[in-house]
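First comes the structure, then the notes that go with it.
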DNA sequence: CATGAATGAGCGTTCATTCAT
DNA sequence: CATGAATGAACGCTCATTCAT
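Protein chains in written order, with our numbering: chain A, 1 to 223; chain B, 1001 to 1223; chain C, 2001 to 2223; chain D, 3001 to 3223.
Encoded structure:
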């Protein structure tokens, strides 16, 4: 894991400064693009002088990497927690999707940034980010797999379905400027779940809805 | 419509030069990113001297705009033609989706470029591009609308569904590096259609499948 | 031979610009040191804008290389010509030494620069410069060798003696600030020749002085 | 004499710290050049924090000055001691030369450093260093002078001859990369002495060789 | 119309030096 | 006395844009 190295000792300070940097950079990269943002701007916005940033980061690319990694870490932290709150496998799938959408909503700028700027990373760094994304995906993929095994879902390609779920969650960020005008996040999430449940549930799956707490509300809301 | 202005008279020449520029720039932006590409490189690859490009384009941003516009124009040209080849509304929907995926497949680099570089455009230009995308979407939206009106599809939000279709088509480009390893474009397309048909068809819609030529093959292939 | 590459076509212009650059840089490096001199300063002194220099040179190190190479080329051009003007082998040795001293005198700054800045070159470049120096040395070494073969000089180590000759010629530059106060270049040269002739001539060599035109004046001047 | 000033009182500590600094800096400057070495690196290698160095030195140039001065002090300490070991004036000359070469050999990096970096000193500091070098030279010059007075050497320019001796001793450092491949320090020293004795001894001087212990071995070794 | 040399603002990065603790 | 985080000026280099020919 290529963690960025530093000439500073105090681990707490490093953490604090890095957070300042990531926060400032995320905002700036989000509103102006990676290439359009200056290291000086980042430093200034982070609240310190232009030279100091190089004590906590070795190159501008490091900053981008930290920002991107930070976003994905967010996903990897929040989704598993949410999964603990429900029991039924179909519910787990729904909650995973919902949580994913929630995290996207909290990180719209950052999510857009990931789509725009991954190419600006070195191949190694890019690979690392993709590896992290893969971890996140596994969380969703696990839910899909369970539902298929139990016979609730059709025998679709697990990883492809996962990608589609993730993609549509990301769409909330990618087309945010348009979607927000028409609906709330809750409505959007419900719609996606509706599409996937209708598209994937087997007859057995539909029958099992009664045992769910979350999934069944999707169908109830439809009427 | 912010058409790029120049000081050159001969409209035919302008057209020819612009095409050279767009072709060169699309290739370069695709493989190296917008910011990583030099005006000199574009000129050289287009086959003329480094100064000449400024007779046909005022800024580098103009080039990006032209490139992006060109990509979307491609979509707007190909999809309608394909729609003429089938009759039934469900088939039209399917063909629209399929064609969309085909065009994405032929323009993977360019599609990625659009996701990466729209932020490098001025707000006005960005708005214009988004307007053009909207036109493309209408082509799909029309199909969805018809299917709903005829009772074949559930009463879902038309524009949202359209966005989802487009998003999943784009995913073929966005996750190309992964998807291509696992399946062919045809399989991918079929999978998407399968998801949407399962997710959207009403009982009436399912019944109508017998009258379709294209859509019914999706269900047949599933077994 | 690692010749510096360029993005400019016109060979004559390249030559002209490079000469401007080398001239400006030699002066600047001479009076302020390599590291103390700015690329902007070099450009300005060469008479053009700060960016242009990079059309004719790829890095600052290139400039240093060009400067150093230019000095040594001077040696390699002048010494051979001078050798043609006399016949006798002892005379040839003397003229080689004298010419060497003359060239040093015309390039005092540059010679100092070579001593100061060779370490700032990349290893490959440094090797190339040393190779060129070796060529120059060969010119002197040839003279020494001939004199030994003919029995005029003692059987000393040829290459060592050559280094000593070169070193003492360079000394005129290295200690110029002091030596110039005490003597003229001619006196200095004569003194060196005196040292070497006294130190190297065999009895046969001394006897042969009568057949020389240049060498014998050294001994005559001594009285 | 521009002694470096500080704000610290305890003279002993100053001395100790300065020695640490000089030792560290000499090593670093020698292997990486003055400009390539960081104040941080020096401090670290000297064994203390990066800020502390400024309590014992006011600028980076101070460090260079201290380093250079230290080198020359070494010469001024070692040569006189060696001179006490022999009696005859010609021997004293020879021992001076030999000792000089020995000291050069022990300080090759440092000697090179002096040639490379004197220009990085302010004019005043440079003058001071040159003054110190002059002192060292006097040690050799005294020997030459005595030999001339006693009629052992020809009536050559004393200071010039001294410079030549010093120069050829320094050459052992300056061309070390080449000379070391071909001969030992002892051989090199002998060769220089041979050159000077052959070049300077009068008939009286040659006759006096019998009374020497060191000088006569040079001639004996030649055969 | 076309060329390509020239311009100069701006960026990422380094490092001597300072200063709060 | 000592630490090491912080500052900010400066440098090498790039490249969009201009302009003389």
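Backbone N, C-alpha and C fix where the C-beta goes; we use that ideal spot for every residue, glycine too.
On a predicted model such as this, the values are computed, not experimentally measured, just so you know.
According to the DSSP assignment, residue 1070 (chain B) belongs to the alpha helix (DSSP H) that extends over 1060-1083. Interface with chain B (9 Å Cβ-Cβ cutoff): residue 117 (chain A) is included. Put simply, the CB of residue 196 (chain A) is near chain B, with a gap under 9 Å to one of its CB atoms. Going by beta carbons, residue 2066 (chain C) and residue 2025 (chain C) fall inside the 9 Å limit.
Residues of the same chain with a CB within less than 7 Å of the CB of residue 1074 (chain B), apart from the 5 flanking positions on each side, are 1103 and 1107 in chain order. Taking 9 Å as the threshold, the shortest C-beta distance from residue 2078 (chain C) to chain D does not fall below it. Boundaries of the alpha helix (DSSP H) harbouring residue 133 (chain A): 123-149, taken from the DSSP string. Its chain contains 1050 as the residues whose beta carbon lies nearer than 7 Å to that of residue 1040 (chain B), once the 5 sequence neighbours on both sides are disregarded; these appear in chain order.
Taking a beta-carbon distance threshold of 9 Å, residue 2167 (chain C) counts as an interface residue toward chain D. In this structure, the beta-carbon distance from residue 3192 (chain D) to residue 3169 (chain D) falls below 9 Å. Around the C-beta of residue 203 (chain A), fewer than 16 other C-beta atoms lie within 10 Å, and the residue is accordingly described as exposed.
Three or more beta-carbon pairs drawn from the stretch 1208-1223 of chain B and the stretch 1088-1097 of chain B are found closer than 8 Å, and the two stretches are therefore classed as touching. Not a single C-beta of chain D is nearer than 9 Å to the C-beta of residue 2067 (chain C). Between residue 158 (chain A) and residue 68 (chain A) the beta-carbon gap is near 25 Å, outside 8 Å, which marks them as no contact.
If you ignore the 5 residues before and after residue 155 (chain A), its C-beta comes within less than 7 Å of the C-beta of 148, all in its own chain and listed in chain order. Residue 2064 (chain C) is outside the set of residues whose beta carbon lies under 9 Å from a beta carbon in chain D. In this structure, residue 185 (chain A) places its C-beta atom within 9 Å of the C-beta atom of residue 101 (chain A). Between residue 61 (chain A) and residue 125 (chain A), the gap from beta carbon to beta carbon is short of 9 Å. Sequence-distant partners of residue 3160 (chain D) (beyond 5 residues in either direction) whose C-beta falls short of 6 Å from its own C-beta are missing from its chain. Within a 10 Å sphere around the beta-carbon of residue 46 (chain A) sit 16 or more other beta-carbons, which makes this residue buried.
Collapsing the DSSP output to three states places residue 1052 (chain B) in coil. The C-beta of residue 100 (chain A) comes no closer than 9 Å to any C-beta of chain B.
In this structure, DSSP gives residue 2152 (chain C) a state outside helix and strand, which the three-state scheme calls coil. Here the alpha carbons of residue 2014 (chain C) and residue 1181 (chain B) stand approximately 51 Å from one another. For residue 3022 (chain D), the enclosing alpha helix (DSSP H) has its first and last residue at 3011-3032. By the neighbour-count criterion, in which 16 or more other beta carbons inside 10 Å mark a residue as buried, residue 1077 (chain B) falls on the exposed side. Residues of the stretch 3009-3025 of chain D with a C-beta atom less than 8 Å from some C-beta of chain C do not occur. Around the beta carbon of residue 164 (chain A), 16 or more other beta carbons lie within 10 angstroms, which makes this residue buried. Taking C-alpha positions only, residue 2217 (chain C) is separated from residue 2197 (chain C) by approximately 12 Å.
Looking at B:1134, B:1118 and B:1141, the one whose alpha-carbon comes closest to that of residue 1162 (chain B) is B:1141. No Cβ of chain C is located within less than 9 Å of the beta carbon of residue 3144 (chain D).
Flagged as an interface residue toward chain C: residue 3182 (chain D), by a C-beta distance shorter than 9 Å. Approximately 6 Å separates the beta-carbon atoms of residue 2221 (chain C) and residue 2190 (chain C); this is inside 8 Å, confirming the contact. Taking C-beta separations shorter than 8 Å and ignoring five residues to either side along the sequence, the partners of residue 1071 (chain B) in its chain run 1026, 1107, 1110, 1111, 1113 and 1114, following chain order. Using a Cβ distance threshold of 9 Å, residue 3177 (chain D) and residue 3105 (chain D) do not count as a contacting pair.
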